[in-house]
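Participant:
Protein chains in written order, with the numbering used here: chain A, 491 to 735; chain B, 1000 to 2304.
(1) Need the endpoints of the alpha helix (DSSP H) that residue 1743 of chain B sits in, please.
(2) Looking only at its chain, what residues have a beta carbon closer than 8 Å to the beta carbon of residue 667 of chain A, apart from the 5 residues adjacent to it on each side?
(3) Taking only beta carbons into account, state which residues of the region 621-646 of chain A come closer than 9 Å to chain B, listed in chain order.
(4) Taking the alpha carbon of residue 1120 of chain B as the point to measure from, which residue in B:1411, B:1113, B:1134 and B:2257 has its own alpha carbon closest?
(5) Quick one, which residues of the region 1728-1756 of chain B are near chain A if we go by CB-CB under 7 Å, in chain order?
(6) The alpha helix (DSSP H) with residue 1296 of chain B in it runs from where to where?
(7) Just to confirm, does residue 1333 of chain B get its C-beta within under 6 Å of one of the non-hydrogen atoms of the ligand ADP?
(8) Measure the C-alpha to C-alpha separation of residue 658 of chain A and residue 1838 of chain B and round it to an integer number of angstroms.
(9) List the residues of chain A that residue 1360 of chain B touches, going by C-beta distances under 8 Å, in chain order.
(10) Going straight from the alpha carbon of residue 1243 of chain B to that of residue 1183 of chain B, what length do you get?
(11) Can you check which of these residues, B:1750, B:1790, B:1785 and B:1813, is closest to residue 1799 of chain B by C-alpha distance?
(12) Do you know whose CA, among B:1815, B:1100, B:1400 and B:1318, lies nearest residue 2173 of chain B's CA?
(13) Exposed or buried, which one is residue 948 of chain B when buried takes at least 16 other CB atoms within 10 Å?
(14) Counting only the same chain and skipping the five closest in sequence on each side, list residues whose C-beta sits under 6 Å from that of residue 2286 of chain B.
(15) Could you list which residues in chain B have their beta carbon closer than 7 Å to that of residue 693 of chain A, in chain order?
(16) Residue 1510 of chain B and residue 1752 of chain B: beta carbons closer than 7 Å?
(17) So if DSSP puts residue 566 of chain A in a beta bridge, which residue, or which two residues, is it bridged to?
(18) Is residue 1936 of chain B helix, strand or coil by DSSP?
(19) How far does the beta strand (DSSP E) with residue 1137 of chain B in it reach, from first residue to last?
(20) Let me make sure I understand the geometry here. Which of B:1742, B:1746, B:1797 and B:1724 has the alpha-carbon closest to that of residue 1763 of chain B?
(21) By Cβ distance below 7 Å, which residues in the same chain neighbour residue 1884 of chain B in space, the five residues on each side in sequence not counted?
(22) Residues of chain A with CB closer than 9 Å to the CB of residue 1500 of chain B, please, in chain order.
(23) Can you look up residue 2053 of chain B in the DSSP assignment and give me helix, strand or coil?
(24) Would you list the residues sitting across from residue 2156 of chain B in a DSSP beta bridge?
(25) Quick one: which chain A residues come within Cβ less than 9 Å of residue 1183 of chain B?
(26) Output the boundary residues of the beta strand (DSSP E) element that contains residue 2139 of chain B.
(27) In terms of alpha-carbon separation, which member of B:1856, B:1338, B:2183 and B:1840 lies closest to residue 1492 of chain B?
(28) Tell me, please, which residues DSSP counts as bridged to residue 2244 of chain B.
(29) Return the residues of the region 561-585 of chain A that lie within a Cβ-Cβ distance of less than 8 Å from chain B, sorted by chain order.
(30) Can a CB atom of chain A be found closer than 7 Å to the CB of residue 1049 of chain B?
(31) For the region 1073-1084 of chain B, list every residue whose C-beta sits within 7 Å of some C-beta in chain A, in sequence order.
(32) For a cutoff of 7 Å on Cβ pairs, would you count residue 1366 of chain B as touching chain A?
(33) Would the beta-carbon of residue 1727 of chain B fall within 7 Å of that of residue 1786 of chain B?
(34) Alpha carbon to alpha carbon, how far is residue 1918 of chain B from residue 1870 of chain B? Give it in angstroms, no decimals.
(35) DSSP three-state label for residue 1796 of chain B, please.
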């Protein structure tokens, strides 16, 4: 009898535990950010913004609004190294392409990242969650083959707190920036560059070099796999027609 | 001796003159440079955004430094090495500010001298990079390997070799209770030097990393979790197997066992032979054979395993030859090198990249040439080509053939000399030199005076004679040959440029001398070769060799002869067809002797013999020889008379009268003989001198030897008669001088005056000699006739009448053939066109649309009166449509656009339509809905582009037929619409009649609701503080009525109507119509507005379509923008002028938490504001560097944010710039301390010795950065005190010298 009582008690306790678990999961609806995140598409939203930013910046040598350009084929090629003199090597205009690209991209995606975040929060709210949003801060890291965006956005969803979101985009922009830097180093030192050997060193890239009659050289660096194009202009060691100075 | 001195002097002077001469050749461009430099400023930054550019002052950005000098001499644009410590990148030629602003560290030294930029070998696994240490660290971090940096390897080749020599193998370790592996290098494995030998399969497990050299991770002995050969990957151009852990294995082969090699590393060649791309199952791709790893993207025929294979990457060049991947070669226009590059030609390099040939043009104007070579490989030659600078600039300065042909220094070509060409002596064609040959006496003058005068004895002041002064000699300053560019440079022959100067270097002038005596006709005695066409051809050869000069051909082979002026005594001449053929063929086929005008020795001798002074000397020799002969005859006669007299006297009896008379006759005969001998001696002396004179003017000929042997020798004057000889000589000298005076008086030129003088000398000399010899009056009289006869003979022999003709070849810039029918040859898609290339094709050729994708070389023939011919472009028509009833224009009228999907061919309303037209010449084209009279009256350019192009495309969305009716559009048959098109070419010829594009719009009712495509304010945007309304324009795709409401409700329930454009002509470039609304009730939070539209205004309500869903639009209000901490706001002290200060302000609140754009101005006028250098930042801090001078400054600052919140303030501050050392105002004792007071904050130090100490050497006085300074009171010492301010302004001497004392008595 005592045993039966014990069994009954155990059963009751078990039922209570199971009930509690069911209630917790089915009624209280605990929020896991991973689930919420999938629904919010925050990362994918930022990914889209970053991809768009890379695409926009790489065609303008890494600048949102480049001022100093050379017009060619209906496009503006930003001068990264320039002299208006003849017989002289160029003056470097942007020494560290990766840094400037990094800064410009952070500026360019600022609104997008904020919008993504706000939309995510709104979506959560629309789904009935209690959400407390914080200030969004982020950092763009350009590394070989990838671009990472580390976002610090303190967010409280229900009883859970989240802070960091990491977005990773496969992109050859780091390699392209380094190749472009290398081309610039050649332009600044020798006034020209050997694209053939560069293409042998970097078989995944096509480097088009177009010399214009005013001494400007247009570079178009293309990744064969992704199709990304990083393009810029340089004017270095230009020669006049005849003795013109 | 004197002659040698003269020659030596000539050479010295020639050398000096040459230095200046060639300096002159290049002096003008340099002068131009100087002029430009003087006129330009060094802008630290231009308005265009360029750093450190020499430009006009107006182009300099006012916010940056600018100085009227070259950037090389400014501090702010001093170039140096910039390095960055994160990525480890070093960059040369970087201005300091650019470097600092980009987060780098600037160093004035060359890159090789900057320690941070020293290169070393960075080993990253099995890869290597020759980079600075910091870069190596960064790369190691990025690739997750430990740093392996070797400074002992000092070149890249060794570095790469070191990497390739890395041991590779399996790095085995345990992870999460699993024995796993990485295929890597020994160093990257981190196993240290410990290498475990593998003995059979008995491998002991270890928690530590263990490196197994030459083992694959999938080796069974290693007992790892990695399964072999599960996929393939591309690595360094080859295809490799990959194991299940993702490790690279051996080179791929479909023979898996062979490739796996029992788990051991095997060289690629051990797996399969080098693959040229023909074997998809061998991964040993060979770049030089023309294959590289790539993904196989076809369905059939791929590799047996994996998705990667060796892709064939060969190309076919223009000659149809196969080229393998990476191979490069040169492409030339016709006529390459050997001084024959054609006008407009250019060098190109082509590269085979992944099966596609890419063109890389070398620098235009042939400033670069393309050179090619090849590398021998097993599969044949691997071609390599490169564009290299054309080193033509100093060719014309070379006088020596070896220097000219020194290919290590220059690219030049040695040509044979050209008679009369003084290289660099001719003036530019624009000058007075050869512009008028008939008065071309100043031909060889030059702007600097005598420097480049013809190098004659007269000019140098040595060896000149009257003859040379009388007539300009034909000379060349390049007697050995002429050095010209091997690849003549391109010139801007079509405009004012250095082309004139360069071509003018090769002007040539030749003087042809004719002589006519009193007996016989005239003959050419000098410069005869210049009368031939060959001379002009050789001059043109040099001329064309200098660049785009002379008569030559363009790169298409079209000859033009406007580049030279060949004139023979006022008559212009041109090359014959045969010569033009030679020129057009790049001067090939020229006979060397003929071509160059090289003077052979024989011709030289003949030429010398023909020179006037030689002729004259020969005449003198002849005349004196005649005198000798006469005298000899006289001697012989006298001898005969004496013999006869002696015979008669011998026959007479002594003492008889007959014997006395006979004896007297013998004496007379003896005297006659003596006189004759004396005359003979004089004549022979004169003849000897004449021969010497001839020998002097006839070097290197054999004449002098035989003459001297004939007339020279000792004993000529022996035998007596010295009196007669001297008398004759006196007479001759006097007569010669008389002749010199008489000649000019009777109009003789110098030459004939000399003939007269010589004749008189001969005649009177003979007479004088004979008269001295004579003893009777009869004989004296006869002597006179003899002298006269001799004089006449000599005069007749010497008298010549000379005439000269001038032949000039004026070298000028080449000019393109007239017309422009072949301009479009330049638009060949294979090789890029350029302005230079285009201009060479014809006078009417012009490159249009520069910088655009429509850059074209077109014919802008001013005589072209034909308008462009328009026809439809079939490629640009929207799919589903077709052109019908096509007629070209002119005469037109045009074509129809028909919809293939509808029965009546009408186009659907509001559906996108694209169509295009082509024109037969580049032209601008306009389009209009309405009839117009001319091109300029038409509304819009087709496609919105005003480019001169062959094809034009229009793209828009069609309105509905109803809408067009309402818009009063031209409709035919009730529903046809017509666009009108006109085009205009570069000559202004436009289509008189319009070209009509007809179509009809589907008249069936429109069932589609309007759509809002855009808004004038960004959705979710912000408005300014205290503003709760905003005017917003909503753009709709069709004429509609629109309303808005704060609630989402039906159109009819919405209370707020908008003002909408409903006329088609009101549509914007996107063919959208605007509806404006004044949205009210905008709160600080997002305020939502809902917009709905209903189409077809004015139509029956049943026919109208309205939105069933609202367009949601939101705006938000904002707090005002605040400005804080505007600095500077106080007096700033400085010691340099101008002093750099930072104008700084922070903005807060507003639309975006203080983010705004700030501007500054010194006047406060709205047009004067300049944006801050750093502004619109997220943190709201805006900065601007200013370099200011001493005094009070006032700067107005205004900031505005996205919503239009404006805030203004001004900064007033004073700059106190004092470059003097601080002054000591008071010195006294206080609390037994020596105390001094300076007029401003400073620091002081002292010594007890003298004032010769540096501040740091002295004892520092408390307190620095204050005006009061103290020291111990010591009456035994004298204090030598120096004070300096915070800017280190200090005097060389002491600020004050103090001896403490309380005793003032």
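No residue lacks a Cβ here, since even glycine has one placed at the ideal position from N, Cα and C.
The structure displayed is predicted, hence computed values, not measured ones.
Facilitator: In short:
(1) By 1-based counting over the second chain, the position of residue 1743 of chain B is 744. 1721-1744 is the extent of the alpha helix (DSSP H) around residue 1743 of chain B.
(2) As a position in the first chain, residue 667 of chain A is number 177, starting the count at 1. Taken in chain order, the residues that qualify are 552, 587, 588, 591, 632 and 720.
(3) Listed by position, the residues of the region 621-646 of chain A near chain B (Cβ gap below 9 Å) are 633 and 634.
(4) Looking up residue 1120 of chain B in the second chain gives position 121. Looking at the Cα atoms, B:1134 is the closest of the given residues.
(5) Here the close residues number zero.
(6) One-based indexing of the second chain puts residue 1296 of chain B at position 297. Taken as a continuous stretch (DSSP letters only), residue 1296 of chain B belongs to no alpha helix (DSSP H), as it is neither H nor E.
(7) Ligands displayed in this structure: none; no statement on the ligand ADP is therefore possible.
(8) Reading the first chain from its first residue, position 168 is the one you call residue 658 of chain A. Reading the second chain from its first residue, position 839 is the one you call residue 1838 of chain B. When rounded, the distance between both Cα atoms is 53 Å.
(9) For this step, residue 1360 of chain B is matched to residue 361 along the second chain. What residue 1360 of chain B touches in chain A: 700 and 701.
(10) Taking the first residue of the second chain as position 1, residue 1243 of chain B is located at position 244. Taking the first residue of the second chain as position 1, residue 1183 of chain B is located at position 184. Rounded to whole angstroms, residue 1243 of chain B to residue 1183 of chain B spans 15 Å at the Cα level.
(11) Position 800 of the second chain, counted from the start, is the residue given in the question as residue 1799 of chain B. Nearest of B:1750, B:1790, B:1785 and B:1813 to residue 1799 of chain B, Cα basis: B:1750.
(12) Taking the first residue of the second chain as 1, we reach residue 2173 of chain B at position 1174. It is B:1100.
(13) The requested residue 948 of chain B does not occur in the structure, where chain B is confined to residues 1000 to 2304.
(14) As a first step, residue 2286 of chain B must be located in the second chain, where it is residue number 1287. For residue 2286 of chain B, the CB contacts under 6 Å within the same chain, skipping 5 residues up- and downstream, are 2134 in chain order.
(15) One-based indexing of the first chain puts residue 693 of chain A at position 203. Under a criterion of Cβ atoms nearer than 7 Å, the residues of chain B adjacent to residue 693 of chain A are, in order, 1236 and 1291.
(16) Indexing the second chain from 1 puts residue 1510 of chain B at position 511. Indexing the second chain from 1 puts residue 1752 of chain B at position 753. Not closer than 7 Å, so no.
(17) For the purposes of this step, residue 566 of chain A is taken as the residue at position 76 of the first chain. The partner list for residue 566 of chain A (beta bridge, DSSP) reads A:561.
(18) Here residue 1936 of chain B refers to the residue found at position 937 of the second chain. Three-state DSSP puts residue 1936 of chain B in a helix.
(19) What you label residue 1137 of chain B is simply residue 138 of the second chain in a count that begins at 1. Segment 1132-1142 is the alpha helix (DSSP H) holding residue 1137 of chain B; no beta strand (DSSP E) there.
(20) Here the question's residue 1763 of chain B lines up with position 764 in the second chain. Comparing Cα-Cα distances from residue 1763 of chain B to each of B:1742, B:1746, B:1797 and B:1724, the minimum goes to B:1724.
(21) Residue numbering aside, residue 1884 of chain B sits at position 885 when the second chain is read from its first letter. Taken in chain order, the residues that qualify are 1894 and 1895.
(22) Position 501 of the second chain holds residue 1500 of chain B. Result: 732 and 733.
(23) Here residue 2053 of chain B is taken as the residue at index 1054 of the second chain, counted from 1. For residue 2053 of chain B, the three-state secondary structure derived from DSSP is coil.
(24) Position 1157 of the second chain holds residue 2156 of chain B. Bridge partners of residue 2156 of chain B: B:2199.
(25) Looking up residue 1183 of chain B in the second chain gives position 184. The contacting residues do not exist; residue 1183 of chain B stays about 17 Å from chain A at best.
(26) Within the second chain, the letter at position 1140 stands for residue 2139 of chain B. Its beta strand (DSSP E) spans residues 2138-2148.
(27) Mapped onto the second chain, residue 1492 of chain B falls at position 493. Closest by C-alpha distance to residue 1492 of chain B, out of B:1856, B:1338, B:2183 and B:1840, is B:1840.
(28) Here residue 2244 of chain B refers to the residue found at position 1245 when the second chain is read from its first residue. B:2259 and B:2281, per the DSSP bridge assignment.
(29) Those residues of the region 561-585 of chain A that come within reach of chain B (Cβ to Cβ, closer than 8 Å) are 561, 562, 563, 564, 569, 571, 572, 573, 574, 575, 579, 580, 581, 582, 583, 584 and 585.
(30) Looking up residue 1049 of chain B in the second chain gives position 50. With respect to chain A, the C-beta atom of residue 1049 of chain B has a partner C-beta closer than 7 Å.
(31) Correct list: 1078, 1081 and 1083.
(32) The count along the second chain starts at 1 and reaches residue 1366 of chain B at position 367. Chain A, which has a Cβ nearer than 7 Å to the Cβ of residue 1366 of chain B, makes this yes.
(33) Translated into the one-based positions of the second chain, residue 1727 of chain B becomes position 728. Translated into the one-based positions of the second chain, residue 1786 of chain B becomes position 787. Not a contact, by the Cβ cut-off of 7 Å.
(34) By 1-based counting over the second chain, the position of residue 1870 of chain B is 871. By 1-based counting over the second chain, the position of residue 1918 of chain B is 919. Residue 1870 of chain B and residue 1918 of chain B have their alpha carbons spaced roughly 6 Å apart.
(35) Within the second chain, residue 1796 of chain B is the residue found at index 797, counting from 1. If DSSP states are grouped into helix, strand and coil, residue 1796 of chain B belongs with the helices.
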